[in-house]
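Chemist: Residue numbers (the working numbering): 5 to 338.
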Amino acid sequence: MTDRALGRQQAHAALDFFEDQHPPAGDFLRDALDGFAATPKRVPPVYFYDAKGSGLFDQITDLEEYYVTRTELSILDSIMPELAERAGPGAVVVEPGSGSSVKIRKLLDGLDNPAGYLGLDISKTHLINAVADLAESYADVSVGAVCADFTGGLNIDHLPLPEGRRVIFFPGSTVGNFEPDAARNLLKGFRNGMRSGDAVLIGADRVKDEARLVAAYDDAEGVTAQFNLNLINRINRELDGTIDAGALKHLAIWNSEKSRIEMHLEAKRDMRFAISGEHFEMKKGERIHTENSHKFTLASFSTLAESAGFTVTKTWSDAENLFTLFWLEPCWEA
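(1) What are the boundary residues of the beta strand (DSSP E) that Val43 is part of?
(2) Are the Cβ atoms of Lys56 and Asn234 separated by less than 8 Å?
(3) When you compare each of Leu243, Ala149, Ile126 and Leu131 to Thr155 by their alpha carbons, which one comes out closest?
(4) How far does the alpha helix (DSSP H) with Arg74 in it reach, from first residue to last?
(5) Are Ala88 and Val171 close, meaning C-beta to C-beta below 8 Å?
(6) Which residue spans inside the segment 148-219 form an unbroken alpha helix (DSSP H) run of at least 4?
(7) Report buried or exposed for Pro85, applying the criterion of at least 16 other Cβ atoms within 10 angstroms of its Cβ.
(8) What does a CB cutoff of less than 8 Å around Ala278 pick up in its chain, not counting 5 residues either side in sequence?
(9) Between the Cα of Ser200 and the Cα atoms of Leu67, Ala18 and Leu332, which residue gives the shortest distance?
(10) Along the chain, where does the alpha helix (DSSP H) that runs through Asn237 open and close?
(11) Exposed or buried, what is Thr75 when buried is set at 16 or more other beta-carbons lying within 10 Å of its beta-carbon?
(12) Who pairs with Gly120 in a beta bridge, going by DSSP?
(13) Compare the Cα-Cα distances from Ile160 to each of Trp258, Ile236 and Gly193 and report the closest residue.
(14) In or out: His26 buried (at least 16 other Cβ within 10 Å) or exposed?
(15) I'd like the list of long-range same chain contacts for Phe327, defined as Cβ closer than 8 Å, with 5 residues on each side in sequence excluded.
(16) Would you mind working out which of Ile292, Ala186, Leu329 and Lys107 sits nearest Ala256, comparing C-alpha positions?
(17) Which residues in the same chain as Ala95 place their Cβ atom closer than 6 Å to its Cβ, once the five residues preceding and following it in sequence are excluded?
(18) Quick one: is Glu261 buried, meaning 16 or more other Cβ sit within 10 Å of its Cβ, or exposed?
(19) Let me know the secondary structure DSSP gives Thr307 once reduced to three states.
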């Protein structure tokens with residue numbers, strides 16, 4: 005057995021339970037070919053996150069311009085006693101995405117004797133490693149993991165979760181990376197897997213000054229530009245691409261009509277290249293659309309939540325109103 009295989013086996017053993025729901029794998033080649041053939045060109049942002057891309061994103065969260073992570077953490081710090089009271093003793097935290105270990109640890113540390121934690125993610129290796137680390141740190145908490153595509157709903161009722169109020173934790177304004185209809189369907193999927201008394205704790209980035217928004221996605225050190233361009237490097241490496249990454253520049257644009265930051269790569273000159281033998285052209289100034297990050301007002305997010313069958317029962321914001329955490333509870337028909 006290789007060291008890597010042994011490590012996976014040990015990580016798996018640390019969990020109280022693991023279930024693989026065998027989510028369909030993304031087809032990077034098909035998505036890239038379809039995206040470059042489209043007008044305008046596009047590549048789904050899910051492909052940002054190879055090992056290098058994930059590392060670059062971790063660097064982004066520490067940047068001065070990127071206020072999102074530190075602001076959300078500061079809000080969590082300030083409201084933990086109230087969160088603990090709302091969740092009650094013995095809560096079970098369900099985390100679709102299993103992202104920031106810092107945030108989930110802060111939540112588990114602050115709750116009143118949480119009984120369980122369930123992480124869900126489409127990437128099995130990332131999921132098992134991240135959740136196994138939590139299991140080692142929280143011996144008194146039942147820790148499980150499910151490899152699943154949570155965007156289609158939470159299929160968790162059959163799992164051996166402890167009794168207790170389930171709190172779905174969805175931080176980081178990840179909801180803003182979904183198009184409006186997809187965000188609504190995501191929240192509906194959460195709601196359909198909930199019981200009476202369960203709740204959602206979800207973070208949402210707020211609409212604010214355009215300059216501050218753009219700076220958060222186009223930092224002075226150029227880390228976000230590297231993150232965006234790494235998508236091209238990955239295409240070249242994994243899909244036999246011949247794209248000159250140096251002929252593309254990173255752009256972050258505020259689309260006020262759609263209330264979103266858009267990330268693009270713009271051609272600095274006319275280009276010709278291939279991806280797995282398929283040939284493409286780009287004219288100078290033509291763009292590849294790589295990501296959207298929707299921003300919210302209190303009213304717009306409340307409208308989204310209500311359209312998915314939730315009531316907003318509490319909000320918490322920082323002093324500058326940069327970011328808000330929402331406590332959502334499902335509406336039940338009489």
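Every residue, glycine too, gets a C-beta built ideally from N, C-alpha and C.
Modeler: The answer reads as follows:
(1) Numbered from 1 along the sequence shown, position 39 holds the residue referred to as residue 43. The residue asked about is misnamed: residue 43 is Thr in this sequence, not Val. Counting along the chain, Thr43 falls outside any beta strand (DSSP E), and DSSP gives it neither H nor E.
(2) Locating residue 56 in the sequence shown gives position 52, where the first residue counts as 1. Locating residue 234 in the sequence shown gives position 230, where the first residue counts as 1. Between Lys56 and Asn234, the CB-CB gap stays under 8 Å.
(3) Working through the sequence shown from its first residue, we reach residue 155 at position 151. Ile126 is the residue among Leu243, Ala149, Ile126 and Leu131 whose C-alpha sits nearest the C-alpha of Thr155.
(4) Taking the sequence shown and counting its residues from 1, one reaches residue 74 at position 70. In this chain, the alpha helix (DSSP H) harbouring Arg74 covers Tyr71 to Ala91.
(5) Taking the sequence shown and counting its residues from 1, one reaches residue 88 at position 84. Taking the sequence shown and counting its residues from 1, one reaches residue 171 at position 167. No. Outside cutoff.
(6) Runs found: 184-196.
(7) Translated into the one-based positions of the sequence shown, residue 85 becomes position 81. Per the 10 Å Cβ criterion, exposed.
(8) Working through the sequence shown from its first residue, we reach residue 278 at position 274. Shown here for Ala278: same chain residues with a beta carbon closer than 8 Å to its own, the five before and five after excluded, namely Asp244, Gly245, Thr246 and Phe284 in chain order.
(9) By one-based count along the sequence shown, residue 200 stands at place 196. Ranking Leu67, Ala18 and Leu332 by Cα distance to Ser200 puts Leu332 first.
(10) As a first step, residue 237 is located in the sequence shown; it is residue number 233 there, counting from the start. Its alpha helix (DSSP H) spans residues Val227 to Glu242.
(11) What you label residue 75 is simply residue 71 of the sequence shown in a count that begins at 1. Buried, since its Cβ has 16 or more Cβ neighbours within 10 Å.
(12) The residue given as residue 120 occupies position 116 in the sequence shown. Beta-bridge pairing links Gly120 to Val96 and Ser146.
(13) Within the sequence shown, the letter at position 156 stands for residue 160. Answer by Cα proximity: Gly193.
(14) Working through the sequence shown from its first residue, we reach residue 26 at position 22. Counting Cβ neighbours within 10 Å, His26 comes out exposed, since fewer than 16 surround it.
(15) Here residue 327 refers to the residue found at position 323 when the sequence shown is read from its first residue. Excluding positions up to five away in sequence, the list reads Tyr71, Val72, Thr75, Glu76, Ile79, Ser177, Gly207, Ala208, Asp209, Arg210 and Ser321.
(16) Reading the sequence shown from its first residue, position 252 is the one you call residue 256. Ranking Ile292, Ala186, Leu329 and Lys107 by CA distance to the CA of Ala256 puts Ile292 first.
(17) Here residue 95 refers to the residue found at position 91 of the sequence shown. So the list reads Leu115, Pro118, Gly168, Arg169 and Val171, once near-sequence residues are dropped.
(18) Locating residue 261 in the sequence shown gives position 257, counting from the first residue. Result: exposed.
(19) As a first step, residue 307 is located in the sequence shown; it is residue number 303 there, counting from the start. Three-state DSSP puts Thr307 in a helix.
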